[in-house]
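Undergrad: One structure coming up, written as structure tokens, with questions to follow.
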Amino acid sequence: MPVKGLRTVTTAQNGVGAFIHQCKRLDFHYCKYGGSSRGMLAFLTQTLPNFARENPQIELRVAPRPGKHPVIKGQYVNGREKAICVRNLEPIDILKKAMILKDASGDKLKRTKKPVTSINESVRGIWSPYHGDLRGV
Amino acid sequence: MFSRSVLRSLTSDLRLSAPSISTISLPQRACLHQTASLRNAQQQSQTQSSSLNPETPLSATPRAQESIPETSIHNIIPQTRDDIPLAKQPVAPTFTSPLEVTKSLMAQLPHLVGQTPHYVTAEIHARPFLLTAGDHIRLPFLMPKVKTGDILRFNRASALGSRDFTLKGSPHIDERLFECRVRVIGVESEPLRIKEKTKRRQRHTKQARSKHRYTTMRVMDVRVKSPEELLKEGAVVIEDAADSPQIEARS
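These protein sequence lines are chains A and B, in that order. So in UniProt numbering, spot 31 of the first sequence is number 31, and the numbers just go up one at a time. So in UniProt numbering, spot 52 of the second sequence is number 52, and the numbers just go up one at a time.
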């Protein structure tokens with residue numbers, strides 16, 4: 001008797017029932033002495049507490065990286081990582097970059113032409129020439 | 001914390017609007033946040049006596065303070081609509097007249113409701129999107145004023161159907177006939193495009209860079225309301241007219 005595989009009944013799709021934010025963690029790296037980190041230092045002291053309060057589902061890590069430009073890194077549910085260099089940026093611009101990482105899905109950027117992607121079967125079925133009535137032209 | 005039904009009835013009284021508002025909006029909300037409504041249903045009897053003043057912020061009621069630790073009262077993150085102050089609540093659509101359904105549509109509607117997977121041709125900025133439940137949408141633009149996790153209801157549709165039946169709007173279907181909810185998943189970006197711009201008789205080429213951002217969404221459900229539901233929500237059955245919408249069966 002041939003072995004039959006189990007058919008999956010449903011596929012998990014984020015957002016249909018429960019919704020899970022795709023960004024798991026944000027790492028903020030800065031240098032204490034570097035001039036390019038000046039905006040980042042201001043961001044960490046002024047803006048970050050509020051940002052953390054508004055996004056309790058994201059783990060935030062702040063770590064020094066002496067002698068390097070400041071970087072924000074995002075870790076995602078799909079295992080990927082995205083990094084944005086924020087050297088010489090003002091705190092408000094750094095917040096925008098952090099928002100980009102927060103809202104991203106973690107997938108590689110793709111150019112898509114179709115707005116809707118579906119894994120469902122076609123609702124109306126596939127047209128067949130052998131079924132249905134004849135139609136006058 | 002106020003119960004939603006209490007809120008709705010209070011707001012509808014305040015606005016002096018059509019009485020159909022509260023009846024229309026209630027069942028939809030209830031299915032969205034079932035746990036919240038269940039929890040509120042228990043508290044309803046207690047809060048109803050104390051909720052005479054609707055202008056007070058929701059977090060200020062003694063009921064809400066009991067459940068939240070004292071330190072975080074001033075910076076609560078809203079989880080459900082109950083946490084949002086009344087002034088910032090989304091406004092339910094106000095209809096001037098009740099929904100009018102023709103007799104023939106009322107007779108045909110059970111066929112459409114009974115056949116399950118449904119599709120809807122929802123229109124956003126006059127662009128049609130054919131949607132079924134569970135679909136992923138990447139809008140061709142960045143939608144302003146939405147956050148990830150928000151739930152939107154698409155109310156403009158030009159067609160609604162199942163395998164064998166289609167209800168076509170002329171040009172749109174009344175939004176009280178169906179429910180199509182989507183959840184904002186996030187913001188996607190396209191890869192950087194560089195277009196080289198050249199002018200004649202010049203060695204110089206200019207590079208135009210573009211990297212647009214798009215809102216992504218997931219369709220939560222597409223649902224057609226049954227005739228009983230419509231009648232309960234205050235629909236009026238009228239005689240057929242020449243241009244009244246009808247459900248077309250597949251030939």
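The beta-carbon is built from N, C-alpha and C at its ideal position, and this holds for glycine as well.
Report yes if the C-beta distance between Cys180(B) and Ala157(B) is below 8 Å; otherwise report no.
TA: Cβ distance < 8 Å, so Cys180(B) and Ala157(B) count as in contact.
Undergrad: Which chain A residues are close to Arg183(B), counting only those with a beta carbon under 7 Å from its beta carbon?
TA: What Arg183(B) touches in chain A: Gly15 and Phe19.
Undergrad: So what's Gly15(A) in DSSP terms, helix, strand or just coil?
TA: Three-state result, Gly15(A): coil.
Undergrad: By DSSP's criteria, Leu167(B) is part of a beta bridge. Which residues make up the other side?
TA: In DSSP, Leu167(B) forms a bridge with Leu160(B) and Ile247(B).
Undergrad: Using CA coordinates, which residue listed in Gly161(B), Arg223(B), Arg176(B) and Arg203(B) is at the minimum distance from Gly234(B)?
TA: Measuring from the Cα of Gly234(B), the nearest candidate turns out to be Arg176(B).
Undergrad: Give me the chain A residues within the contact set of Phe129(B), using Cβ-Cβ distance strictly less than 8 Å, ordered along the chain.
TA: Correct list: Pro115 and Val116.
Undergrad: Please look up how many angstroms separate the CB atoms of Ala63(A) and Asp103(A), rounded, as I've assumed it's under 8 Å.
TA: About 23 Å; that fails the 8 Å criterion.
Undergrad: For residue 260(B), which residues in the same chain have their Cβ closer than 6 Å to its Cβ, ignoring the five residues on either side in sequence?
TA: Nothing can be reported for residue 260(B): it is not among the residues displayed for chain B, which extend from 1 to 251.
Undergrad: Let me make sure I understand the geometry here. Which of Arg163(B), Leu112(B) and Thr216(B) has the alpha-carbon closest to that of Pro227(B)?
TA: Comparing Cα-Cα distances from Pro227(B) to each of Arg163(B), Leu112(B) and Thr216(B), the minimum goes to Leu112(B).
Undergrad: Pull up the CB-CB distance for Asp164(B) and Arg223(B), whole angstroms please, since I reckon it's below 8 Å.
TA: That belief does not hold up - the Cβ atoms of Asp164(B) and Arg223(B) are roughly 18 Å apart, past 8 Å.
Undergrad: Tell me whether Val182(B) is buried or exposed, calling it buried when 16 or more other Cβ atoms sit within 10 Å of its Cβ.
TA: Buried, by the Cβ-count rule.
Undergrad: Using a Cβ-Cβ cutoff of less than 7 Å, which residues in the same chain neighbour Pro98(B) once the five nearest sequence positions on both sides are dropped?
TA: For Pro98(B), where only same-chain residues beyond five positions count, the Cβ hits under 7 Å are Ser20, Gly234, Ala235 and Val236.
Undergrad: Beta carbons nearer than 7 Å to chain A: which residues of the segment 185 to 215 of chain B have them?
TA: Cβ contacts with chain A come from Ile185, Gly186, Val187, Glu188, Ser189, Glu190 and Pro191.
Undergrad: Within 8 Å of any Cβ in chain A, is that where the Cβ of Asp174(B) sits?
TA: No, Asp174(B) does not count as interfacial toward chain A.
Undergrad: Thinking C-beta only, is Ser170(B) closer than 8 Å to Pro245(B)?
TA: Yes. Within cutoff.
Undergrad: How many Å lie between Phe95(B) and Asp174(B) at the Cα?
TA: Each residue's Cα considered, the two are about 11 Å apart.
Undergrad: Measure from the alpha carbon of Val77(A) to the alpha carbon of each residue in Gly17(A), Glu59(A), Ile94(A) and Asp93(A), then state which is nearest.
TA: For Val77(A), the nearest C-alpha among the options comes from Glu59(A).
Undergrad: Can the beta-carbon of Gly149(B) be found closer than 8 Å to that of Phe19(A)?
TA: Yes, the pair counts as a contact, with Cβ atoms nearer than the cut-off.
Undergrad: Using DSSP with H/G/I as helix, E/B as strand and the rest coil, what is Pro129(A)?
TA: Pro129(A) falls in the coil class under three-state DSSP.
Undergrad: Touching or not, the segment 3 to 12 of chain A and the segment 41 to 48 of chain A, by the rule of three or more beta carbon pairs under 8 Å?
TA: At 8 Å Cβ cutoff, the stretches do not touch.
Undergrad: So, for Lys114(A): in the same chain, excluding its five sequence neighbours on each side, which residues have a beta-carbon less than 6 Å away from its beta-carbon?
TA: Excluding residues within five positions, none has a Cβ falling inside 6 Å.
Undergrad: Can you give me the start and stop residues for the alpha helix (DSSP H) that Asp93(A) sits inside?
TA: Element bounds for Asp93(A): Pro91 to Asp103.
Undergrad: Thinking Gly79(A) and Gln22(A) are a contact (beta carbons under 8 Å), I'd like their distance in whole angstroms, please.
TA: That belief does not hold up - the Cβ atoms of Gly79(A) and Gln22(A) are roughly 11 Å apart, past 8 Å.
Undergrad: Looking at the structure shown, is Val113(B) part of a helix, part of a strand, or coil, going by DSSP?
TA: Helix, per DSSP.
Undergrad: Just checking: is the beta-carbon of His136(B) within a distance shorter than 8 Å of some beta-carbon in chain A?
TA: Answer yes: the Cβ-Cβ gap between His136(B) and chain A drops below 8 Å somewhere.
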